[in-house]
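Chemist:
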Amino acid sequence: NAGVTQTPKFQVLKTGQSMTLQCAQDMNHEYMSWYRQDPGMGLRLIHYSVGAGITDQGEVPNGYNVSRSTTEDFPLRLLSAAPSQTSVYFCASSFSGQGPNEQFFGPGTRLTVL
Amino acid sequence: DAKTTQPNSMESNEEEPVHLPCNHSTISGTDYIHWYRQLPSQGPEYVIHGLTSNVNNRMASLAIAEDRKSSTLILHRATLRDAAVYYCIGGGSNYKLTFGKGTLLTVNP
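Protein sequences appear in the order of chains A and B.
Going by the numbering used here, the first residue of the first sequence is number -19, and it counts up by one from there.
Going by the numbering used here, the first residue of the second sequence is number 2, and it counts up by one from there.
(1) If you pair each beta-carbon of the segment 87 to 106 of chain B with each one of the segment 33 to 50 of chain B, do three or more pairs fall below 8 Å?
(2) For the beta strand (DSSP E) holding A84(B), just list the boundary residues, first then last.
(3) Below 7 Å between beta carbons is the criterion; list the residues of the segment 38 to 53 of chain B that meet it against any residue of chain A, in chain order.
(4) Closer than 8 Å is the cut-off here; do at least three beta carbon pairs connect the segment 44 to 56 of chain A with the segment 8 to 22 of chain B?
(5) Less than 6 Å between C-beta atoms, sequence neighbours within five positions excluded: which residues of the same chain meet that for L52(B)?
(6) Based on the DSSP output, what are the partners of H9(A) in its beta bridges?
(7) Taking only the alpha-carbon atoms, compute the straight-line gap between S94(B) and P80(A) and give it to the nearest angstrom.
(8) Enumerate in chain order the residues of its own chain whose CB-to-CB distance from S26(B) is below 6 Å, with the five nearest sequence positions on each side excluded.
(9) Return no unless some Cβ of chain A is closer than 7 Å to the Cβ of Y33(B).
(10) Check distances from the C-beta atoms of the segment 72 to 88 of chain A to those of chain B and list, in chain order, the residues that come in under 8 Å.
(11) Report the option in N45(A), P87(A), F75(A), Y28(A) whose CA atom is closest to the CA atom of L(-2)(A).
(12) Look at the alpha carbon of V(-16)(A) and the alpha carbon of S13(A), and state the distance between them as a whole number of angstroms.
(13) According to DSSP, is Q65(A) helix, strand or coil?
(14) Between the segment 14 to 48 of chain A and chain B, which residues of the former have CB atoms less than 9 Å from a CB of the latter, in chain order?
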């Protein structure tokens, strides 16, 4: 199993540009989520999904869109990039959203918005 | 999720045990205690979780106080590979993990 994969690893955008961060998992996990991590801080939840076709907002959803058309993929779209969105983005998945299931994290995407 | 309090940083020597404390005085009866760690430039990885009883796995042990207001993650023999930020998280019954700043563990050779 590849686990949770994220592309790209690094990205530089100009203010106002849009882009999609890709996340895929091959473990048939129901639950997937996106976090962002700013320097010296913990992770903050952006959006999550409890299954294909079902998404919901986390703690910091503004400026981001998600969709979940398949179990495997959970892309994160930045609609109009802003410097405040400079961060490291992590995708995670787990077997179920309920209970203390281990979450598996991807390696992250480092995004810089100029 | 319960609010957790951890020391900002701790130091240990290689091959010695490490006890990482966490206070979670507002934890509810159904909240689990999770520990994750994040190695430099990597995503977090799961370490262990527990509810009431002490727990062991191949990575670590989790000692939970009888009143559940605190817990301690125990690494039995620290290695240089264990240098990381360790996050204690109270909650998870609603699957939304809330990460604080964690404890930065430095392991000295």
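Backbone N, C-alpha and C define an ideal beta-carbon position, used for all residues, glycine too.
Modeler: Quick answer:
(1) Contact between the segment 87 to 106 of chain B and the segment 33 to 50 of chain B is present, with at least three C-beta pairs closer than 8 Å.
(2) No beta strand (DSSP E) contains A84(B), which DSSP labels as neither H nor E.
(3) Among the residues of the segment 38 to 53 of chain B, those with a Cβ less than 7 Å away from any Cβ of chain A are Q43, G44, P45, E46, Y47, H50, in the order of the chain.
(4) Touching, no, given that fewer than three Cβ pairs across the two stretches are closer than 8 Å.
(5) So the qualifying residues of the chain are Y33.
(6) None; H9(A) has no bridge partner.
(7) Low confidence applies here, because S94(B) scores a pLDDT of 48, under 50, leaving its location unreliable and the question unanswered by this model.
(8) Cβ neighbours of S26(B) within its own chain (closer than 6 Å, five residues either side excluded): K70.
(9) The beta carbon of Y33(B) falls within 7 Å of a beta carbon belonging to chain A, placing the residue at that interface.
(10) Those residues of the segment 72 to 88 of chain A placed with their C-beta closer than 8 Å to a C-beta in chain B are A72, S74, S76, G77, Q78, G79, P80, N81, E82, Q83, F84, F85, G86, P87, G88, ordered along the chain.
(11) Residue identity check: residue -2(A) is Ser in the sequence provided, not Leu. Closest option to S(-2)(A), judged by alpha-carbon separation, among N45(A), P87(A), F75(A), Y28(A): N45(A).
(12) Using only the alpha carbons, I get a separation of about 11 Å.
(13) Reduced to three states, the DSSP call for Q65(A) is helix.
(14) Identification of residues in the segment 14 to 48 of chain A having a C-beta nearer than 9 Å to some C-beta of chain B yields Y15, Q17, G20, M21, G22, L23, R24, L25, Y28, V30, G38, E39, given in sequence order.
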